[in-house]
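The sequence shown begins at 2 in our numbering and counts up one residue at a time.
Where a beta carbon is used, it is the ideal one built from N, C-alpha and C, also for glycine.
Take a look at the structure below.
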Amino acid sequence: MASYVSEATQFINQYKKDHPDTEKRQREGRLLLWDKEIDLEQQEQYKAARVPQKPYVYHNK
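Next comes the structure, spelled out in structure tokens:
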């Protein structure tokens, strides 16, 4: 089996060797935007405040 490693993969591997905290910082960054806890009370308020959209929004009556 070939042992080819692309330049991009080599770069990533070298970067991770030089900066061992990279994955930890990535996880912390993801927590800022993606992995937030859902506030169920707030979700219920959003559902209650929702206004149904008409089927064809560009038609004025």
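Start-to-end residues for the alpha helix (DSSP H) that takes in residue i
{"i": "residue 26", "result": "23–34"}
{"i": "residue 47", "result": "41–50"}
Pair within 7 Å by beta-carbon distance, residue i and residue j
{"i": "residue 17", "j": "residue 23", "result": "yes"}
Distance, residue j Cα to residue i Cα
{"i": "residue 5", "j": "residue 12", "result": "14 Å"}
{"i": "residue 52", "j": "residue 32", "result": "31 Å"}
{"i": "residue 57", "j": "residue 15", "result": "54 Å"}
{"i": "residue 19", "j": "residue 37", "result": "30 Å"}
{"i": "residue 43", "j": "residue 35", "result": "17 Å"}
{"i": "residue 25", "j": "residue 47", "result": "34 Å"}
Closer than 7 Å to chain D by CB, residue i
{"i": "residue 3", "result": "Protein chain content of the structure displayed is limited to a single chain, and chain D is not contained in it."}
Same chain only: Cβ atoms within 8 Å of residue i, ignoring 5 sequence neighbours per side
{"i": "residue 30", "result": "none"}
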